[in-house]
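First the structure, in the form of structure tokens, and then the observations on it.
Numbering (the UniProt record's numbering), first residue to last: 1 to 94.
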């Protein structure tokens, strides 16, 4: 399996499944009390749980603080959500 080289750092710190700090965030795609979807330097990050809240969001620094009951964290390889969505729309309207 080939390891991808990433230009910028990404760090995730989770405390007792209740609070977390994430760096290397390039965009917040969506969030509600059950799911947070972040675009990070290392791919898309989906956080699922209950009573989830984004406490601090600093996109200039690429940092997000979250709290709530965190049940799962999952990464996907889509590295640029907006470009992927645009190409899908382009294909639909051709």
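Note that CB positions come from ideal geometry on N, CA and C, so glycine has one too.
Residue 10 has its alpha-carbon roughly 11 Å from the corresponding atom of residue 39.
Under the DSSP assignment, residue 73 falls in the beta strand (DSSP E) whose first and last residues are 63-76. Judged by beta-carbon spacing, residue 47 lies beyond the 7 Å limit of residue 33, meaning their Cβ atoms are not closer than that value. Within the segment 14-38, the complete beta strand (DSSP E) segments of 3 residues or longer fall at 19-23 and 25-31, listed in chain order. Checking the DSSP bridge columns, you'll see residue 50 partnered with 69.
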